[in-house]
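Student: Please read through the structure below; I'll follow up with questions.
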Amino acid sequence: MDAHPIDISWLDLIFAAALILVAIALSAYQKLGLEKQIVLGALRATVQLIAVGYLLVWVFTTDRWWIVLAVLALMVVVATVTAARRQGKTARDRATVFPIAGFAILAGAALTLVYVSTVIVHVQPWYSPRYLIPLFGMILANAMNAAALALERLQSEMESRRGEVEALLALGATPGQAAAEPMRRATIAAMIPAVNALAVVGIVSLPGMMTGQILAGADPTLAVRYQLVVMFMLTAANAITAALAVALYRRTFFTPAAQLRVRVAV
Amino acid sequence: MNRALATGPRDSPEPAFRLHEVRQERSGKLLLDGLTLDLPRGGFTALIGPSGAGKTSLLRLLNRLDDPVSGTVEFLGQPLTEVPVRALRRRVGFVFQAPVMFAGTVRANLGVAQRLGDAAEPLADGEVARLLELVELDAGFADRIAADLSGGEKQRVALARALVTQPEVLLLDEPTAALDPEVADRLVHTLAHLRETTGLTMIVVTHRLREARVAATWVVMLEAGRVVEAGEATQVMQRPAQPRTREFLAAGEDH
Chain A
360 MDAHPIDISW
370 LDLIFAAALI
380 LVAIALSAYQ
390 KLGLEKQIVL
400 GALRATVQLI
410 AVGYLLVWVF
420 TTDRWWIVLA
430 VLALMVVVAT
440 VTAARRQGKT
450 ARDRATVFPI
460 AGFAILAGAA
470 LTLVYVSTVI
480 VHVQPWYSPR
490 YLIPLFGMIL
500 ANAMNAAALA
510 LERLQSEMES
520 RRGEVEALLA
530 LGATPGQAAA
540 EPMRRATIAA
550 MIPAVNALAV
560 VGIVSLPGMM
570 TGQILAGADP
580 TLAVRYQLVV
590 MFMLTAANAI
600 TAALAVALYR
610 RTFFTPAAQL
620 RVRVAV
Chain B
32 MNRALATGPR
42 DSPEPAFRLH
52 EVRQERSGKL
62 LLDGLTLDLP
72 RGGFTALIGP
82 SGAGKTSLLR
92 LLNRLDDPVS
102 GTVEFLGQPL
112 TEVPVRALRR
122 RVGFVFQAPV
132 MFAGTVRANL
142 GVAQRLGDAA
152 EPLADGEVAR
162 LLELVELDAG
172 FADRIAADLS
182 GGEKQRVALA
192 RALVTQPEVL
202 LLDEPTAALD
212 PEVADRLVHT
222 LAHLRETTGL
232 TMIVVTHRLR
242 EARVAATWVV
252 MLEAGRVVEA
262 GEATQVMQRP
272 AQPRTREFLA
282 AGEDH
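Listed in order, the protein sequences are those of chains A and B.
Residues in the first sequence are numbered consecutively from 360, following the numbering used here.
Residues in the second sequence are numbered consecutively from 32, following the numbering used here.
Below is the structure:
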């Protein structure tokens, strides 16, 4: 079972890029107007991934704990910016949302990574980039989506349930009590992708990581065990990040005197 | 509940609320323009005036759903900001223009108000019946789904829910605005009756002058965030001192 991965040459990659032409042609034929976005997206993906490939080679060969931590930190920042950017409409909103998204993502992702790398995978040495960076990347992508969904949904629930929230405040509710239903809904919305992924994995979807390991020659049963660890890990990260993002973001909707802030008005 | 006999400001010289130089803005728009005003304790105070006068903005200050940009509001002689806000809101209830029903039955709706207080025990059946009776709803309503009720019934449930906390003051923001005239009239009679039986201080924003005539003991006429005039209901409604009030009352006759 120790097959070596089949090499993909640069020429092979150019043939693969031809597949993009199919999407462009279909977009043009259906007048979707997506051609420019597809080209730019494909170029971005190519540049980013090639850069990441070389960066990883460098990180793996230098093999220093502080370089690994710096890479992980950079990943958190990018994930945070991505999650927060979707939410904040104005610079002030973003200034509010950024630290919340950052903390929620960092806490959810870091706690999960530490548990998986020390208790389950026994990564040696503890900072081994070959394990930490891909694991953290997967966790972060999930935590980032969870944070973005949680923030977005809480905002919209607070707006659409403004009357209910204020009616509860008027009855003497704390902000936490008044916002309980919006918070519940936002947390569910953020959790659903992870929960759904758990239910359909192996049937509807063959996860990329597992497929990748199999393509790279790993024993499929080991790939499956890794995948299960990853799925459980992503679910945990998702839950922690969603709960934190919702709890922290909720506070921004209220004044210290338990009043709804103006920005919810619209 | 021995304030039941209090019928107007003359019986209780200390005002329920005292506003001094209150300014309120929202999104750069001036809503209250240095308002100085006493709202009497006991009785039914109607806040009247054209739309945009600042009636609702004023009402929302009284249980601190909003705070003013500047100026002070006192409740029974104490600055509002010195009263713990949750306790204040249990003492000063609020009924919104569009009643918001929580999930579940009418009983569950009343239960929410009970649960938000410090009392650990659920609302007793007898208490539910008593509250429904106060708002003149049949006891059978307790187990109806609140969201399925008619507009007038919902407003009565909202009223009963606000009474769960045994407030001293009830603020009502155009409680009849969304109702048919007949339903609205019946609700106003319920309010008047409720005030007489409980001695609650009621402060009601209304756009229906009829309500002010039928139920009010005190009337405050507002315009452009200022007080035009305030006084005994009979005085303001029948012999207004200000030309602007006369004009407004005359224009609103057919309401």
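Ideal placement from N, C-alpha and C gives every residue a C-beta, glycine not left out.
Give me the DSSP bridge partner(s) of B/D204.
Tutor: In the DSSP output, where bridge partners are listed per residue, B/D204 has B/V236.
Student: How should B/E199 be labelled, buried or exposed, when 16 other C-beta atoms within 10 angstroms of its C-beta is the threshold for buried?
Tutor: Per the 10 Å Cβ criterion, buried.
Student: Rounded C-beta distance between A/V427 and A/P488? I'm assuming under 8 Å.
Tutor: Right, their Cβ atoms sit about 5 Å apart.
Student: Run the CB neighbour count on B/P115, radius 10 Å, all protein chains shown included, and call it buried at 16 or more, exposed below.
Tutor: By the neighbour-count rule (16 or more Cβ atoms within 10 Å), B/P115 is not buried but exposed.
Student: Could you tell me which of B/E167, B/E260, B/A139, B/M132 sits nearest to B/L154, measuring between CA atoms?
Tutor: Per the Cα distances, B/A139.
Student: Nearest by alpha-carbon distance to B/A223: which of B/D69, B/L190, B/Q273 is it?
Tutor: Among B/D69, B/L190, B/Q273, the Cα nearest to that of B/A223 belongs to B/L190.
Student: Could you round the C-beta distance between A/V502 and A/A438 to whole angstroms and report it? I think they count as a contact, below 8 Å.
Tutor: In the sequence as presented, Val is not what sits at residue 502 of chain A; that position holds Ala. Confirmed, about 7 Å.
Student: Using only the alpha-carbon positions, how far apart do A/T471 and B/V53 sit?
Tutor: Their Cα atoms are separated by approximately 52 Å.
Student: Taking Cβ-Cβ distances shorter than 8 Å, what residues in chain B pair up with A/E523?
Tutor: By Cβ distance, chain B contributes V131, F133.
Student: Measuring straight from C-alpha to C-alpha, what distance separates B/A177 and A/A545?
Tutor: Going by the C-alpha atoms only, they are around 25 Å apart.
Student: Using only alpha-carbon positions, find the residue among B/R146, B/H51, B/L93, B/L61 that is nearest to B/G236.
Tutor: Per the sequence presented here, residue 236 of chain B reads as Val, with Gly not at that position. If we check each option's Cα against that of B/V236, B/L93 comes out closest.
Student: List, in order along the chain, the chain A residues whose C-beta lies closer than 9 Å to that of B/F106?
Tutor: Residues of chain A passing the Cβ test: none, with the nearest at roughly 14 Å.
Student: Alpha carbon to alpha carbon, how far is B/V104 from B/P110? Give it in angstroms, no decimals.
Tutor: C-alpha separation (whole angstroms): 6 Å.
Student: Check the DSSP bridge columns for B/E254 and list the partner residues they point to.
Tutor: B/R257, per the DSSP bridge assignment.
Student: First and last residue of the beta strand (DSSP E) that includes B/D69?
Tutor: From DSSP, the beta strand (DSSP E) with B/D69 extends over 60 to 70.
Student: Name the DSSP bridge partner or partners of B/I176?
Tutor: Bridge partners of B/I176: B/T136.
Student: Find the nearest neighbour of A/S519 within the set A/A505, A/F419, A/I573, A/A538, judged by alpha-carbon distance.
Tutor: Comparing Cα-Cα distances from A/S519 to each of A/A505, A/F419, A/I573, A/A538, the minimum goes to A/A538.
Student: Please name the residue, chosen from A/L574, A/G522, A/M592, A/R445, that lies closest to A/L499 on a Cα-to-Cα basis.
Tutor: Of the listed residues, the one whose Cα sits closest to A/L499 is A/M592.
Student: Quick check on A/W485: does DSSP put it in helix, strand or coil?
Tutor: Looking at A/W485 - three-state DSSP - the assignment turns out to be coil, as it is neither helix nor strand.
Student: Which residues bound the beta strand (DSSP E) around B/V195?
Tutor: Looking at the DSSP string, B/V195 is not in any beta strand (DSSP E), and its letter there is neither H nor E.
Student: Got a sec, what are the start and stop residues for the alpha helix (DSSP H) B/Q269 sits in?
Tutor: Taken as a continuous stretch (DSSP letters only), the alpha helix (DSSP H) holding B/Q269 covers 264 to 269.
Student: Check the Cβ of B/L210 against every Cβ in chain E and list those closer than 8 Å, keeping chain order.
Tutor: As a matter of chain content, chain E is missing from the structure shown, whose protein chains are A and B.
Student: What's the gap between the Cα of B/G135 and the Cα of A/A509?
Tutor: Rounded to the nearest angstrom, the two C-alpha atoms are 26 Å apart.
Student: For the stretch 518 to 567 of chain A, which segments carrying the alpha helix (DSSP H) assignment without a break, of at least 4 residues, lie completely within its bounds, in sequence order?
Tutor: Within the stretch 518 to 567 of chain A, the complete alpha helix (DSSP H) runs of at least 4 residues are 521 to 529, 534 to 537, 539 to 559.
Student: Listing by chain order, which chain A residues have their CB less than 8 Å from the CB of B/F48?
Tutor: In chain order: nothing, as chain A lies at least about 16 Å away.
Student: Which residues in chain B sit within 7 Å of A/A526, going by Cβ to Cβ distance?
Tutor: Those within 7 Å of A/A526 in chain B are F127, V131.
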